[in-house]
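> Protein chains in written order, with the working numbering: chain A, 5 to 357; chain U, 1128 to 1449. The beta-carbon is built from N, C-alpha and C at its ideal position, and this holds for glycine as well.
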Amino acid sequence: MANISETSGVGQVVPAVAGQVSATLGAPVGGGPDGRRDDLDFSNAKPSKHSQDKIFHAVAVGCGALILVSLGAVVLFLLLRAWPIFAGPQAKTSAVFASLSGGKAHGFWQYVGPLVFGTVVIATLALAIAFFVAVGVALFITFYARKRIQTVLNYVVDLLAAIPSVIYGLWGALVLVPATYPFWNWVSVHLGWIPLFAGPAANPPRTVASAAVILAIMIMPIITSMTRDIFAATPRLNQEAALALGATKWEMIKLTALPFAKSGMVSASMLALGRALGETMAVMMVLSPGMTYSWHWLQASKSQTIAANIAAQYPEADSLGVSALIATGLVLFVITFVVNLLARRITRKGGAQ
Amino acid sequence: MKTARPTPDFSRFKPSEALLKQREWKSRIMAGVIGLAFVVAMIPLISLLWTTIARGVKRLNLNFLAFNMSGVIGGMPTPSGGHGGIEHAIIGTLEVTLGAMLISVPVGLMCAIYLTEYARGSKFAKAISLLVNVMSGIPSIVAGLFAFSLFAILMGPGVSNGFEGSVALSILMIPTVVNSSVEMLRIVPDDLREASYALGVTKSRTIVKVVLRTALPGIVSGVILAIARVIGETAPLLMTAGFIVTTNWNLFSGQMTTLPVFVYQEYSKMSVTCPPNAGTGCVASIPSERSWAAALVLIAIVLVLNLIGRLVQRLFSVEASR
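(1) Would you identify the three-state DSSP class for alanine 1145(U), choosing helix, strand or coil?
(2) Assign threonine 1373(U) to one of three DSSP states: helix, strand, or coil.
(3) Can you tell me whether DSSP reads alanine 304(A) as helix, strand or coil?
(4) Is threonine 332(A) helix, strand or coil by DSSP?
(5) Please state the DSSP three-state secondary structure of threonine 309(A).
(6) Here's the rule: buried if 16 or more other CB atoms are within 10 angstroms of the residue's CB, otherwise exposed. What is glycine 39(A)?
(7) Under 9 Å, CB to CB, which of the residues in the region 313-328 of chain A have a partner in chain U?
(8) Interface residues of chain A around tyrosine 1394(U) at Cβ under 9 Å?
(9) Tell me which same chain residues have a C-beta within less than 8 Å of the C-beta of valine 116(A), skipping the five on either side of it?
(10) Could you confirm whether any beta carbon from chain A is found closer than 8 Å to the beta carbon of tyrosine 1241(U)?
(11) Name the chain U residues that come within less than 7 Å of alanine 62(A), Cβ to Cβ?
(12) At 4 residues or longer, and completely inside the region 184-247 of chain A: list those alpha helix (DSSP H) runs for me, N to C.
(13) Exposed or buried, asparagine 1195(U), counting other C-beta atoms within 10 Å across all chains shown (16 or more means buried)?
(14) Excluding the five sequence neighbours on either side, which residues of its own chain have a C-beta within less than 8 Å of the C-beta of valine 1439(U), listed in chain order?
(15) Do we get a CB-CB distance below 8 Å when we pair proline 1284(U) with the residues of chain A?
(16) Which of the three DSSP states is assigned to phenylalanine 90(A) in this structure?
(17) Apart from the five residues on each side of it in sequence, which residues of its chain come closer than 8 Å, Cβ to Cβ, to methionine 1262(U)?
(18) Any contact of the region 99-119 of chain A with the region 1131-1148 of chain U, i.e. 3+ C-beta pairs under 8 Å?
(19) Along the region 72-85 of chain A, what residues have a CB closer than 8 Å to any CB found in chain U?
(20) Within its chain, find whatever has a CB closer than 6 Å to the CB of serine 271(A); leave out the 5 residues flanking it on each side and keep chain order.
(21) Tell me where the alpha helix (DSSP H) around valine 137(A) begins and ends.
(22) Given that isoleucine 221(A) touches chain U, what residues does it touch there, using C-beta distances under 8 Å?
(23) For proline 168(A), count neighbouring Cβ atoms within 10 angstroms of its own Cβ and tell me buried if that reaches 16, exposed if not.
(24) Any beta carbon from chain A within less than 8 Å of phenylalanine 1165(U)'s own beta carbon?
(25) Starting from the Cα of phenylalanine 1370(U), find the closest Cα among Ala1216(U), Val1304(U) and Ser1418(U) and give me that residue.
(26) Within the same chain, show all residues whose beta-carbon is closer than 8 Å to that of alanine 165(A), passing over the 5 residues directly before and after it, in chain order.
(27) Would you kindly check if the distance between the Cβ of alanine 1368(U) and the Cβ of alanine 315(A) is under 8 Å?
(28) Assuming threonine 1179(U) contacts tryptophan 175(A) (C-beta within less than 8 Å), just tell me the rounded distance between them.
(29) Would you report the Cα separation of alanine 280(A) and leucine 131(A), rounded to the nearest angstrom?
(30) Pick out the complete alpha helix (DSSP H) segments inside the region 1196-1252 of chain U, 4 residues or longer, and give them in chain order.
(31) Beta carbon of threonine 1315(U), beta carbon of alanine 1279(U): below 8 Å?
(32) Which residue's Cα is closest to the Cα of glycine 1226(U): Met1397(U), Val1357(U) and Phe1443(U)?
(33) Would you report the Cα separation of lysine 1330(U) and glutamate 1244(U), rounded to the nearest angstrom?
(34) Should glutamine 1149(U) go down as buried or exposed, given a rule of 16 or more other Cβ atoms within 10 Å for buried?
(35) Go to alanine 149(A), then tell me how far its alpha helix (DSSP H) extends in each direction, as first and last residue.
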C-alpha cells in the first residue's frame, strides 16, 4: 500500500511539474494574466526607455557633430570678421596695412608674406634644435635609465610640457636671452662667414635664433613623450634577437627601435612643428619684431611670427586693423591645419602597418 | 663506424678585435651622446624652476594673495602694507577656467561616448576623430580670435567679458577631453557592456551606470590634465577677457584678469620710476617682482593640478587592472 501510494505520489508530482513548465513557457506567448508575469513583459516599459535611449543617442551624435560645426564656425567667423579688409576700399585697406607694418606693406599678401616667412623659419629652426635632443632624451628614458628613474623622468617630461608658455616667455626674456649673448657673439665671430650667422650679434639677443631656442625648449617635451611611448612599444623579441646576435646596445637601438619608431617620430615632430607655428607668448616676449625676408638669425628686428604679431598689434588696432590681423590669423590656421593633418595621416599609416 | 664530419672553420667568421672594439666604442659614445642630450634638456627646466622660485618668493605673501591692484600707484606701498596683489587674477582665472570646463566637459564627454559606444569605426566617426585630433593643434591665438569674432558679430563690437575667454579656452580644451575620454572608454571591457545588455538594461543606462562609472577615474584625471593645460593660456585671454585692476566676480559682464595675463602685463611694464622724495617704501622693480611671484603661483597651480590628475589616474588604474 505504502509502496503504491508512494509511486502514485510520484506519479502525481510529474504532471504537476509538467503543467507548471508548460504554463511558464506558455505565459509570455499568451501574455499571462497574473502580476508576476507582467514583470517579464517589457512591452509597457519599452517606449519610455526607448525615448530616453533615443535622446541620449541624439545628444551623443549632436556633440560629435558639434566638433565639425565648431571647426566650421572657427573658419566661418574668422572669415566674416576678416571680410572688411578684403572687401573694403583699396585706399583704406592699404593705409591699414601701411600703419600695421610701419609703411612696408600696402596689400594683404605683402603684409602676410614676411610674417609667414618668419613663422616658418623660426618654427623649423626650433624643430631642428629640439628633434635630436628630444629623441635622445626619449632613448635615454627608455633604454638607459633604470625602472625607478624612468617613472620619475616621465613625470619630469610631462611637467616640462605643462609649464605655461607665458612663464617660458618670462624666463626666456629675463634669464635665457641675456645669458646666451656670449654664445651668440662667439658664433657670429667664428662662424660669421656663414651668411646665416653674419654678425654683429644683437645685444640683448632678441633674435630669431633666441626665439627658436625658446620654442625648441617648449616643443621638446611633446616630441619626447610621443617618441618615448613608441620606443617603449618596440617589440621585446626584436630587441632580444638583436642582442642575441651580438649587437651592441647602440646597434640594437639602431636595428630595432629606430626603424620601428620612424613614422611615429616623424608625426611627433610634425605635431611639435604645429605647436611651434602657433606659439604666441614666448615669441612675443623674446623676439624683437621686424618685417623682412632676412636670413640673418643673429640680428635683431628681422622677422616676426603671425601669432606674436597678432597678439602684439591687437591692442592698438582699430576695427579694420583687427580685420587685417584676423586675416593673418586665418593664414596661420590654414598652415597649422595642414601640418596637423599631415601629422595625423602619417600616424595613421604607421598604426595600420 | 666513424665518418669524418666536415668541421666548419669558425675562425673565418670571427670578427677582428679591432672591429669589435670599434663597435663597442661606438655604442659607448652613443650612450654618452644620449646622456648628454638628457642633461642638456634638464638644464632649462632646472633653471626655469629655480629662477621662478627664487625670484617669486620675494613678493609672495598673504598680502599679495589677498589684495588686487586697485589703488596701486607706481612703486609706492598701498595702505594695506603691500604693493598690490593678484586676488582679482586668481578669481578671474578660476571663473574663466570653470566656465571653459562647464562647456567642454559635457560636450567632450558626449562626443567621446558617441565615438566609442555608438559609432565605432563608422566613416562619420572616423572623420570626427580625425578632426578632433586636428583641432587639438589649433593655435591658441586662433581660438582667441574665434571667440572674439563670435562675440563681436553676435553681441556687437567691443564686448569683452570672462565668458568670452571661457569660449576661447573650451575650443582648446574639448579635443583634450575627447581624446582622454575615448582612451578611457576603450579600456572598459566589452564583457561589462554585454553583461549589462544581457540583463535587459537599455543602452543609455548601460553607458551611464556601467561604462561611465567604470571609466570615471580616468575621465576625471583627463579633465584635470586638460584644465591644467588651459589654465596657463595667455594669448586668447588677452584679446577676449581683457585686463582690469579690480576684482570682477561676474563672468558674464565686464573684463576679467587671469593669472597668465597678469604675469604678461606686469612683465611688459618692467619697472616704474620712483620720485626722488618717495623714500624707501618705493620699489622701482616692483612690476617684474610681481610678475615672478604671480608666475610662481601659476606654476604651483598647474603642478598641483597635474599631480592630482596623475594621482587619480594611478590610484584607480591599479584598481582596474586587478
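Let's see:
(1) Along the second sequence, one-based indexing puts residue 1145(U) at 18. Note: alanine 1145(U) maps to helix in three-state DSSP.
(2) Position 246 of the second sequence, counted from the first residue, corresponds to residue 1373(U). In this structure, DSSP gives threonine 1373(U) a state outside helix and strand, which the three-state scheme calls coil.
(3) Your numbering for residue 304(A) matches position 300 in the first sequence. In the three-state reduction of the DSSP assignment, alanine 304(A) falls in the strand class, which pools E and B.
(4) Here residue 332(A) refers to the residue found at position 328 when the first sequence is read from its first residue. Helix at threonine 332(A).
(5) Taking the first sequence and counting its residues from 1, the one referred to as residue 309(A) is at position 305. The three-state reading of DSSP puts threonine 309(A) in coil, since its state is none of H, G, I, E or B.
(6) Numbered from its first residue, the first sequence carries residue 39(A) at position 35. In this prediction, glycine 39(A) scores a pLDDT of 43, lower than 50, which makes its location untrustworthy; the coordinate-derived value is nonetheless stated afterwards. It is exposed - the Cβ of glycine 39(A) has fewer than 16 other Cβ atoms within 10 Å.
(7) Those residues of the region 313-328 of chain A that come within reach of chain U (Cβ to Cβ, closer than 9 Å) are Ile314, Ala315, Tyr318, Pro319, Ser323 and Val326.
(8) Position 267 of the second sequence, counted from the start, is the residue given in the question as residue 1394(U). For the C-beta of tyrosine 1394(U), the chain A residues within less than 9 Å are, from N- to C-terminus, Val170, Gly173, Leu174, Ala177, Leu178 and Met289.
(9) Here residue 116(A) refers to the residue found at position 112 when the first sequence is read from its first residue. Excluding residues within five positions, the ones whose Cβ falls inside 8 Å are Ile310, Ala331, Thr332 and Val335.
(10) Along the second sequence, read from residue 1 onward, the residue named residue 1241(U) stands at position 114. True, the Cβ-Cβ gap to chain A drops below 8 Å.
(11) Translated into positions along the first sequence, residue 62(A) becomes position 58. Residues of chain U passing the Cβ test: none, with the nearest at roughly 10 Å.
(12) As far as the region 184-247 of chain A is concerned, its whole alpha helix (DSSP H) runs of at least 4 residues are 212-236.
(13) Along the second sequence, one-based indexing puts residue 1195(U) at 68. Label assigned to asparagine 1195(U): buried.
(14) Mapped onto the second sequence, residue 1439(U) falls at position 312. Leaving aside the five residues that flank valine 1439(U) on each side, the residues in its chain whose CB is nearer than 8 Å to its CB run, in chain order, Pro1344, Val1347, Ser1348 and Ile1351.
(15) As a working note, residue 1284(U) is residue 157 in the second sequence. Closer than 8 Å to the CB of proline 1284(U) there is at least one CB belonging to chain A.
(16) Numbered from its first residue, the first sequence carries residue 90(A) at position 86. Phenylalanine 90(A) carries a helical assignment under DSSP once its states are collapsed to helix, strand and coil.
(17) Position 135 of the second sequence, counted from the first residue, corresponds to residue 1262(U). Cβ neighbours of methionine 1262(U) beyond the five flanking positions: Ile1298, Ile1301 and Pro1302.
(18) For the pair of segments examined, the region 99-119 of chain A was found not to touch the region 1131-1148 of chain U: the number of CB pairs separated by less than 8 Å stays below three.
(19) Against chain U - using a Cβ distance shorter than 8 Å - the residues of the region 72-85 of chain A are Leu72, Ser74, Leu75, Ala77, Val78, Phe81, Leu82, Leu84 and Arg85.
(20) By 1-based counting over the first sequence, the position of residue 271(A) is 267. Residues of the same chain with a CB within less than 6 Å of the CB of serine 271(A), apart from the 5 flanking positions on each side, are Ala347, Ile350 and Thr351 in chain order.
(21) Counting from one through the first sequence, the residue named residue 137(A) turns up at place 133. First-last of the alpha helix (DSSP H) with valine 137(A): 112-143.
(22) Taking the first sequence and counting its residues from 1, one reaches residue 221(A) at position 217. Neighbours of isoleucine 221(A) on chain U, chain order: Pro1171.
(23) As a first step, residue 168(A) is located in the first sequence; it is residue number 164 there, counting from the start. Proline 168(A) counts as buried, since at least 16 other C-beta atoms from the protein chains shown sit within 10 angstroms of its C-beta.
(24) As a first step, residue 1165(U) is located in the second sequence; it is residue number 38 there, counting from the start. By this cut-off, phenylalanine 1165(U) is an interface position.
(25) One-based indexing of the second sequence puts residue 1370(U) at position 243. The candidate whose alpha carbon is nearest that of phenylalanine 1370(U) is Ala1216(U).
(26) One-based indexing of the first sequence puts residue 165(A) at position 161. Closer than 8 Å at the Cβ level, and outside the excluded window around alanine 165(A), lie Pro225, Ile226 and Ser229.
(27) Position 311 of the first sequence, counted from the start, is the residue given in the question as residue 315(A). Position 241 of the second sequence, counted from the start, is the residue given in the question as residue 1368(U). Cβ distance not < 8 Å, so alanine 315(A) and alanine 1368(U) don't count as in contact.
(28) Mapped onto the second sequence, residue 1179(U) falls at position 52. Mapped onto the first sequence, residue 175(A) falls at position 171. Between the beta-carbon of threonine 1179(U) and that of tryptophan 175(A) there is about 7 Å, and that keeps the pair under the 8 Å contact cut.
(29) Locating residue 280(A) in the first sequence gives position 276, counting from the first residue. Locating residue 131(A) in the first sequence gives position 127, counting from the first residue. A straight line joining the alpha-carbon of alanine 280(A) with that of leucine 131(A) spans about 8 Å.
(30) Taken in chain order, the whole alpha helix (DSSP H) runs of length 4 or more contained in the region 1196-1252 of chain U are 1214-1240.
(31) Taking the first residue of the second sequence as 1, we reach residue 1315(U) at position 188. Taking the first residue of the second sequence as 1, we reach residue 1279(U) at position 152. At residue 1315(U) the sequence reads valine, which differs from the threonine that was named. Not in contact: valine 1315(U) and alanine 1279(U) (Cβ atoms no closer than 8 Å).
(32) Working through the second sequence from its first residue, we reach residue 1226(U) at position 99. Taking only the C-alpha atoms, the option nearest glycine 1226(U) is Val1357(U).
(33) Here residue 1330(U) corresponds to residue number 203 of the second sequence, with the count starting at 1. Here residue 1244(U) corresponds to residue number 117 of the second sequence, with the count starting at 1. Cα-Cα distance, rounded: 9 Å.
(34) One-based indexing of the second sequence puts residue 1149(U) at position 22. It is exposed - the Cβ of glutamine 1149(U) has fewer than 16 other Cβ atoms within 10 Å.
(35) Residue numbering aside, residue 149(A) sits at position 145 when the first sequence is read from its first letter. Boundaries cannot be given for alanine 149(A), as no alpha helix (DSSP H) includes it and DSSP labels it neither H nor E.
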